[in-house]
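The structure appears below as structure tokens.
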Amino acid sequence: MAIPWDSIRSLLIFFGPILLPKAISYYRSVKASSQARHAPIVPVPPKVRVALALLAFLIISYILKTLPPFAPENLFLATQSRLQIPVDVLFNRVAVGRPDNVLTKQDEALRGRFVNLESRLLYLQFGPEVLANCPFCTSEEPKTFFYYALPQLLWPHIANLFAIAFVTSPTFTGRAGSQWRPKATMAAMTIAALDIYFVNSYNYQANARALRLSEVDLFYWTARVARLVTLAAFDAALGWLLYLSATNRAFVEPPSPVERIEATSRALLTVKSKLSALGIVKNTALRDEDLRSRSHAYWSHEVRLMGEVMEEREVVEGVNDALTNRIDVATITRDAEGYAQNVLHSLRGETAEDDSI
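Here the working numbering is used: the first residue of the sequence shown is 754, the next is one more, and so on.
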């Protein structure tokens, strides 16, 4: 069903002043929030690359299917025939283009269907496969063709929904993909609903007044191209959003409080394990006679070496200059004393708790 340009212009005039400022403010808020978080730009993660490759494969597949070699044949366009042409003349022209001038099974099925103008009009709405293969459809009940064509209409959208579920899976693309899952799913379902609505509400009887082939609305082939181009554009937009969010270029979402707590807990556990390992190593070194003698020898050598360095004239002058002109010894002493008091206070508290137990 073609939408008049006047209707589109009226909708743009009505909704444009409302939607355009909102779109601009949304873009500015997203850009400002991304800049405020100061998230560093990172390379595309490996799993996101796989998701982007899948979307690119789907986009290329959709675009290739729109090309004439991959489109279903239109008998009227292939033979340059009018809708009102006699059925025998039409299929004689069709046979000329077939191998050995022999009609295919689909051609024979269509020949049996093209007994009236109504079937030819439905052919332009639903395409050759539906008209040739539907076992229960009749031109007296046009809705039966729609019911038979419904799975064929839904199949590209269902396949695209599976792809969306994969590329926005939290376990596969993480937060960068999962944040787009609800929006992408709703958008894909809206596209599918609009597609079914336009096919179902198309006025196929309008082609009955077309006397020349140029006046015929080839709805099935036009809708097929529009469907594939829409899915390709949708997947391209989703891939672009996924790329921006995965590389922290835009749409950066801060981690939730639960995730921050879990990250902090993991960091503390890592530090605790390292301190425990350090304590084990130190305890082993102190208990083993050979390791203890090596440790004492190292520190004796270190003390003697540093003592010799500190006795050099240049070092003494540098230390005196730093203590006199550049370092506030009183502040450092006060900070060190406060730190020591805090450490001893916590130790005294733990000792008091142990004594009370």
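Virtual Cβ for every residue (Gly too), placed ideally from N, Cα, C.
Taking the straight line between their C-alpha atoms, what separation do you get for residue i and residue j?
| i | j | result |
| --- | --- | --- |
| Ser998 | Gly992 | 10 Å |
| Leu1039 | Val1082 | 35 Å |
| Val1024 | Tyr1051 | 27 Å |
| Tyr950 | Thr924 | 35 Å |
| Asp841 | Gln905 | 30 Å |
| Val1072 | Arg1066 | 10 Å |
| Thr1000 | Ala976 | 36 Å |
| Leu1076 | Tyr1092 | 21 Å |
| Pro853 | Val847 | Contrary to the premise, residue 853 reads as Asp rather than Pro in this sequence. If I take the Cα positions, the gap works out to 12 Å. |
| Val952 | Glu1015 | 51 Å |
| Leu964 | Ile838 | 10 Å |
| Ile1118 | Gln932 | Any question about residue 1118 goes unanswered here, given that the chain covers just 754 to 1110. |
| Leu843 | Leu874 | 15 Å |
| Pro909 | Asn827 | 21 Å |
| Glu1012 | Glu1061 | 52 Å |
| Trp974 | Arg1019 | 57 Å |
| Asn913 | Ala941 | 8 Å |
| Ala1030 | Pro793 | 33 Å |
| Thr1037 | Ser1046 | 12 Å |
| Pro821 | Val982 | 14 Å |
| Glu893 | Val969 | 22 Å |
| Val868 | Ala885 | 13 Å |
| Thr819 | Ile813 | 10 Å |
| Val795 | Asp860 | 57 Å |
| Arg934 | Leu1022 | 33 Å |
| Thr832 | Thr943 | 37 Å |
| Glu1064 | Leu1044 | 30 Å |
| Arg1002 | Phe823 | 38 Å |
| His1049 | Asp1088 | 31 Å |
| Val1034 | Glu1042 | 14 Å |
| Met939 | Gln1094 | 60 Å |
Secondary structure at residue i, three-state DSSP: helix, strand or coil?
| i | result |
| --- | --- |
| Thr891 | strand |
| Tyr996 | helix |
| Phe1004 | coil |
| Ser834 | coil |
| Tyr955 | coil |
| Asp1043 | helix |
| Gly927 | helix |
| Pro796 | coil |
| Ser1029 | helix |
| Ala805 | At residue 805 the sequence reads Leu, which differs from the Ala that was named. If DSSP states are grouped into helix, strand and coil, Leu805 belongs with the helices. |
| Arg1066 | helix |
| Leu773 | helix |
| Arg934 | helix |
| Asn827 | coil |
| Gly865 | helix |
Count the other CB atoms within 10 Å of the CB of residue i; is the residue buried (16 or more) or exposed (fewer)?
| i | result |
| --- | --- |
| Phe915 | exposed |
| Phe767 | exposed |
| Phe957 | The residue you asked about is not Phe; residue 957 is Tyr in the sequence shown. By the 10 Å Cβ count, Tyr957 comes out buried. |
| Arg980 | buried |
| Ile917 | buried |
| Thr921 | buried |
| Ala985 | buried |
| Ala945 | buried |
| Val1056 | exposed |
| Asp948 | buried |
| Phe829 | buried |
| Val1069 | exposed |
| Val1005 | buried |
| Phe987 | buried |
| Leu811 | buried |
| Val1096 | exposed |
| His1054 | exposed |
Measuring CB to CB, does residue i end up less than 9 Å from residue j?
| i | j | result |
| --- | --- | --- |
| Ser872 | Leu966 | no |
| Leu995 | Thr1086 | no |
| Ala929 | Val801 | yes |
| Ala804 | Phe919 | yes |
| Tyr876 | Leu863 | yes |
| Pro881 | Pro825 | yes |
| Ala961 | Leu836 | yes |
| Ala989 | Leu808 | yes |
Please go through the same chain and pick out, in chain order, the residues whose beta-carbon is closer than 8 Å to the beta-carbon of residue i, but skip the five residues on each side of it.
| i | result |
| --- | --- |
| Phe899 | Phe879, Val952 and Asn953 |
| Val797 | Leu805, Tyr996, Ala999 and Thr1000 |
| Arg851 | Thr857 and Asp860 |
| Leu907 | Ala945 and Ile949 |
Within a Cβ cutoff of 7 Å, which residues of the same chain sit near residue i, ignoring the five residues on either side of it in sequence?
| i | result |
| --- | --- |
| Val849 | none |
| Ala902 | Phe879 and Val883 |
What does a CB cutoff of less than 6 Å around residue i pick up in its chain, not counting 5 residues either side in sequence?
| i | result |
| --- | --- |
| Arg866 | Ser872 and Leu884 |
| Ile816 | Ala985 |
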